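S.K.: My structure is below; once you've seen it, I'll send some questions.
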Amino acid sequence: MLIKLFTVYVYLQAMFCGCGSDRRNSDFERLRKAYDVEVQRIGRLDSRISESSGLAFASDSTYWTHSDGGSLNALYLFNLEGELLQTVPLQVPNRDWEDLAEDDQGKLYIGDFGNNANTRRNLQVYKVQPETKTVEDTIRFSYADQTDFPPPRAERHYDLEGFFYHADSLYLFTKSRALRKTITKRYSLPAKGGDHTLAPQEELRVKSPITAAALSPAQDQFALLGYGRLYLFEMEDGQVNFSGKRSCLPIARTGQAEAILYLSPNQILITNENGKMYLVTLNSKE
6 MLIKLFTVYV YLQAMFCGCG SDRRNSDFER LRKAYDVEVQ RIGRLDSRIS ESSGLAFASD
66 STYWTHSDGG SLNALYLFNL EGELLQTVPL QVPNRDWEDL AEDDQGKLYI GDFGNNANTR
126 RNLQVYKVQP ETKTVEDTIR FSYADQTDFP PPRAERHYDL EGFFYHADSL YLFTKSRALR
186 KTITKRYSLP AKGGDHTLAP QEELRVKSPI TAAALSPAQD QFALLGYGRL YLFEMEDGQV
246 NFSGKRSCLP IARTGQAEAI LYLSPNQILI TNENGKMYLV TLNSKE
């Protein structure tokens with residue numbers, strides 16, 4: 006029953022989205038005041054790629070993705086025509102892979118940290134060398150502020166679907182399962198193997214649960230993806246936090262979008278669980 010209710014909630018968020026509550030509660034600006042925005046559907050992924058849930062560069066014209074939890078434990082190489090170019094099986098389980106990040110050396114990080122019920126105690130990130138198709142390390146972590154598994158329903162903020170790499174750290178943005186008050190918590194995780202206990206660094210109230218995260222090519226902005234919304238945060242002095250200028254963009258009809266990647270400073274690729282691909286183009290009015 007709860008899954009059905011959440012599915013309806015997601016549908017309504019995506020179809021009838023707006024940023025009014027985000028502006029009122031968290032001082033988001035209207036992105037369309039500063040940008041001309043185009044949201045274009047550009048194609049569909051090969052049907053063998055089910056529920057695309059993370060994105061990363063492989064080359065200038067090819068990209069990596071993976072499927073959601075319970076699917077094949079593999080990386081998929083594809084292009085913007087949606088063609089599946091390669092399948093790379095990995096020798097680690099796909100309990101609930103939710104996002105994909107890439108460091109400065111081209112190594113990939115697979116976030117096996119989906120936690121719908123807020124009950125998981127085996128959260129981890131796999132560090133992968135795509136050239137050799139090997140898992141080099143496992144980064145395990147837990148939340149210092151989670152003491153109940155699960156917490157009371159109003160405090161279920163420990164699902165996780167979005168992260169990115171920046172300056173030797175992985176920045177994590179949680180997905181709230183508390184429907185009445187939706188927040189995202191930000192954590193920082195060292196990008197190296199071992200066991201880590203993470204304290205929350207800050208939190209922000211948002212209308213939509215967060216489903217993916219990405220860092221801009223210039224590393225001066227990051228984006229969080231929600232259902233029917235795109236949140237943009239300007240970075241000051243290379244710092245990843247919520248204190249800089251932030252904007253909200255309604256992106257209706259993108260469905261249950263679960264993955265995001267900057268293709269350029271003003272173009273963002275989005276994929277949803279049905280395999281549809283969208284390109285968001287932001288042209289400054291200045």
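Letter by letter, the sequence shown follows residues 6 to 291 in my numbering. Backbone N, C-alpha and C fix where the C-beta goes; we use that ideal spot for every residue, glycine too. Keep in mind it's a predicted model, so treat the numbers as computed, not measured.
Can you tell me whether DSSP reads residue 27 as helix, strand or coil?
M.R.: Helix, per DSSP.
S.K.: Let me know if residue 202 comes out buried or exposed under the rule of 16 or more other beta-carbons within 10 Å of its beta-carbon.
M.R.: Residue 202 should be labelled exposed.
S.K.: Short of 7 Å in beta carbon distance, which residues of its chain neighbour residue 268, apart from the five on each side in sequence? Order them along the chain.
M.R.: These residues qualify, in order along the chain: 274.
S.K.: Could you give the distance in angstroms between the alpha-carbon of residue 139 and the alpha-carbon of residue 97?
M.R.: Straight-line Cα distance between these residues: approximately 10 Å.
S.K.: What's the gap between the Cα of residue 113 and the Cα of residue 45?
M.R.: Distance between the alpha carbons of residue 113 and residue 45 is about 28 Å.
S.K.: Can you tell me where the beta strand (DSSP E) with residue 171 in it begins and where it stops?
M.R.: Where residue 171 is concerned, the enclosing beta strand (DSSP E) stretches over 164 to 171.
S.K.: In three-state terms, what does DSSP make of residue 228?
M.R.: Strand at residue 228.
S.K.: Near residue 221, what residues of its chain come up, given a Cβ to Cβ distance below 7 Å and the 5 sequence neighbours on each side ignored?
M.R.: Cβ neighbours of residue 221 beyond the five flanking positions: 227, 267 and 270.
S.K.: Please state whether DSSP places residue 210 in a helix, a strand or coil.
M.R.: Three-state DSSP puts residue 210 in a strand.
S.K.: Tell me, to the nearest whole angstrom, how far the beta carbon of residue 163 is from that of residue 123; I am working on the premise that it is less than 8 Å.
M.R.: The Cβ separation is near 5 Å, so the contact holds.
S.K.: Do you know how far the Cα of residue 198 is from the Cα of residue 176?
M.R.: If you take the alpha carbons of residue 176 and residue 198, they lie about 15 Å apart.
S.K.: Should residue 288 go down as buried or exposed, given a rule of 16 or more other Cβ atoms within 10 Å for buried?
M.R.: The residue is exposed, with fewer than 16 neighbouring Cβ atoms inside 10 Å.
S.K.: Would you say residue 102 lies against chain C (beta-carbon separation less than 8 Å)?
M.R.: Included in the structure is just one protein chain, with no chain C present.
S.K.: Quick one: grab the DSSP three-state call for residue 35.
M.R.: DSSP places residue 35 in strand when its eight states are reduced to three.
S.K.: According to DSSP, is residue 45 part of a helix, a strand, or is it coil?
M.R.: DSSP places residue 45 in strand when its eight states are reduced to three.
S.K.: Using DSSP with H/G/I as helix, E/B as strand and the rest coil, what is residue 86?
M.R.: Three-state result, residue 86: coil.
S.K.: Can you tell me where the beta strand (DSSP E) holding residue 104 begins and where it ends?
M.R.: Its beta strand (DSSP E) spans residues 102 to 107.
S.K.: Since residue 129 is in the beta strand (DSSP E), which residue starts that stretch and which ends it?
M.R.: Segment 128 to 134, the beta strand (DSSP E) holding residue 129.
S.K.: Reducing DSSP to helix, strand and coil, say where residue 234 ends up.
M.R.: Note: residue 234 maps to strand in three-state DSSP.
S.K.: Is the separation between the beta-carbon of residue 223 and that of residue 265 shorter than 8 Å?
M.R.: It is not a contact, given that the beta carbons lie outside the stated cut-off.
S.K.: For residue 142, which of 232, 284 and 95 has the nearest alpha-carbon?
M.R.: Here the closest residue by C-alpha is 95.
S.K.: Grab me the residues of residue 276's own chain with a C-beta within less than 6 Å of its C-beta, minus the 5 sequence neighbours each way, in chain order.
M.R.: 57, 264 and 282.
S.K.: Check whether the stretch 208 to 215 touches the stretch 177 to 185, counting contact only when three or more Cβ pairs, one atom from each stretch, lie closer than 8 Å.
M.R.: In short, these stretches touch, since the Cβ pair count reaches three.
S.K.: What are the boundary residues of the beta strand (DSSP E) that residue 218 is part of?
M.R.: Where residue 218 is concerned, the enclosing beta strand (DSSP E) stretches over 215 to 220.
S.K.: Where does residue 191 sit, in a helix, a strand or coil, going by DSSP?
M.R.: It is a strand residue.
S.K.: Return the residue from the list 27, 244, 225 and 166 that minimises the CA-CA distance to residue 106.
M.R.: If we check each option's Cα against that of residue 106, 166 comes out closest.
S.K.: Residue 286 and residue 43 - do their beta-carbons sit closer together than 8 Å?
M.R.: It is a contact, given that the beta carbons lie within the stated cut-off.
S.K.: Ignoring anything shorter than 3 residues or poking outside the stretch 245 to 290, list the beta strand (DSSP E) runs there in chain order.
M.R.: Whole beta strand (DSSP E) segments, 3+ residues: 251 to 255, 262 to 269, 272 to 277 and 281 to 289.
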